[in-house]
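In the working numbering, the protein residues as written are 1181 to 1592.
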């Protein structure tokens, strides 16, 4: 009955199924007895979903029709598009990027931005290049687009970015394919909390520019968590001298930036030195929007514009984001400090919602045993992800030791 190209496609959603088991445990044993380290939403120290005060204000002040009506255009309003450019690239982006062309397409969340880009640029039968530790839906998007994937190693033996492996993978695929789509989730990488340094980014861009001599290069920067990290360099420093056949697309998400996960608002922001490539991007992305979801959330987009265009509201949002960035770092410090004390391995964490513990072959036995202790985590291949965004500091104290003891108890 199914179309042939859809037969055999199935997504196993471990995140939400594990989160459901955590909810059932909370209903049975009470919230205080359960460690719910599953979903990637931000919770406060009382374990309530964070709603920014400035967002509450917008729900009160914006006319109801701003939430119920269609967006002014199925790719988003011009005001929204301009606001996304300024947010990602800076207020003076036109002056700082004088030789580049830009386009923004409003999407339902960062997922819509990623899906649209992968669908439009991954050729049937070709491979997208993904990090070996990644957010699972990247692979599903590649499969839906008729492609497959290869992975670059995220870390080398020194626990820094594995540049040599990245370069090897890029060289191989760029020689074999007409186009190469590369995804880098940075900063606040999901699931590790890693981010590249400026020097690492400069090296990455050098590798991709060299590969552009062999094939078209499309770099997708998944920046969903960018507002919970303090930048250590200016974005323009790594975007100089893009070849004409290289496109950079930022996948931007208001789910995280405003904490409006269910409103589904985000954007694709494309930048290129080629006007033709940007026009082509806009045409294809607009077509895919109309053919897939038609409209993104007007309410989410209008709320963002109102906040960012009003200085007092913009400052309030930034203050609230920084407050929770600080809280995340405090939570991470508790867990990482105690992990070191009990010799629990953790992959390099810099910022963001998550950190990751490599476990090895007995990953399933470990997670089952942890759930017996009402500790619910998410499996990523041979590792478990801890969503520190959802666990208060009081519960993080002692958690590393519990996990270490569980892993050690299953050895042998």
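We put the beta carbon where it would ideally sit given N, CA and C, even for glycine. For clarity, every value in this text was computed on a predicted model and none was experimentally measured.
The beta carbons of residue 1438 and residue 1497 sit closer together than 9 Å.
Rounded to whole angstroms, the separation of the alpha carbons of residue 1401 and residue 1436 is 15 Å.
Considered as a whole, the region 1192 to 1219 harbours no complete run of any beta strand (DSSP E) with no fewer than 3 residues.
Remark: three or more beta-carbon pairs, one from each stretch, lie closer than 8 Å, so the region 1549 to 1563 and the region 1194 to 1209 are flagged as touching. The alpha-carbon separation between residue 1372 and residue 1528 amounts to approximately 7 Å.
Within the same chain, Cβ atoms closer than 7 Å to the Cβ of residue 1215 are found at 1554, 1555, 1556, 1571, 1575, 1579, the five residues on either side in sequence being excluded. Take the alpha-carbon of residue 1440 and the one of residue 1480: they are about 7 Å apart. Rounded to the nearest whole angstrom, the CA to CA distance from residue 1364 to residue 1581 is 32 Å. Below 8 Å, too few C-beta pairs join the region 1494 to 1508 and the region 1341 to 1355 to call them touching: fewer than three. Counting only runs of 4+ residues, the alpha helix (DSSP H) found wholly inside the region 1391 to 1445 occupies 1434 to 1437, in chain order. When DSSP states are grouped into helix, strand and coil, residue 1303 belongs to the coil group.
In the pairwise beta carbon analysis, the region 1247 to 1264 is classified as not touching the region 1226 to 1233: fewer than three pairs are separated by under 8 Å. Rounded to whole angstroms, the separation of the alpha carbons of residue 1456 and residue 1269 is 21 Å. Spatial neighbours of residue 1354 in its own chain (CB-CB distance under 6 Å, excluding positions within 5 residues in sequence) are listed in chain order as 1360, 1391, 1394, 1395. Note on geometry: alpha-carbon atoms of residue 1300 and residue 1369 lie some 24 Å from one another.
Using a 10 angstroms sphere on the CB of residue 1409, the tally of other CB atoms reaches 16 or more, which defines it as buried.
Membership of residue 1560 in any alpha helix (DSSP H) is not indicated; the residue belongs instead to the beta strand (DSSP E) covering 1558 to 1560.
In the structure shown, the three-state DSSP call for residue 1270 is coil. Judged by pairs of C-beta atoms under 8 Å, the region 1475 to 1493 does not touch the region 1557 to 1569, as fewer than three such pairs exist. Cβ-Cβ distances below 6 Å link residue 1333 to 1312, 1342, 1345 in the same chain, with the five nearest sequence neighbours on each side left out; the list follows chain order. In the three-state reduction of the DSSP assignment, residue 1283 falls in the strand class.
Residues 1483, 1486, 1487 of the same chain have their beta carbon placed closer than 7 Å to that of residue 1238, with the five preceding and five following residues left out of the count. Assignment of residue 1531 by DSSP, reduced to helix, strand and coil, places it in the coil class. In the DSSP annotation of this structure, residue 1526 is not part of any beta strand (DSSP E), being labelled neither H nor E.
The continuous beta strand (DSSP E) containing residue 1364 extends over residues 1359 to 1365. Bounds of the alpha helix (DSSP H) holding residue 1511 are 1491 to 1521.
Of the other Cβ atoms in all chains shown, fewer than 16 fall within 10 Å of the Cβ of residue 1338; this residue is therefore exposed. Using a 10 angstroms sphere on the CB of residue 1434, the tally of other CB atoms reaches 16 or more, which defines it as buried. Contact between the region 1302 to 1311 and the region 1284 to 1292 is absent: fewer than three C-beta pairs spanning the two stretches fall below 8 Å. 1226 is the residue among 1221, 1222, 1226, 1218 whose C-alpha sits nearest the C-alpha of residue 1212.
Rounded to the nearest whole angstrom, the C-alpha separation of residue 1245 and residue 1350 is 48 Å. Per DSSP, residue 1461 has no beta-bridge partner at all. A Cβ-Cβ distance of about 11 Å is found for the pair residue 1534 and residue 1511, leaving them out of contact under the 8 Å criterion. Residue ranges of uninterrupted alpha helix (DSSP H) with 4 or more members, entirely inside the region 1221 to 1275 and ordered along the chain, are 1233 to 1241, 1245 to 1248, 1258 to 1269.
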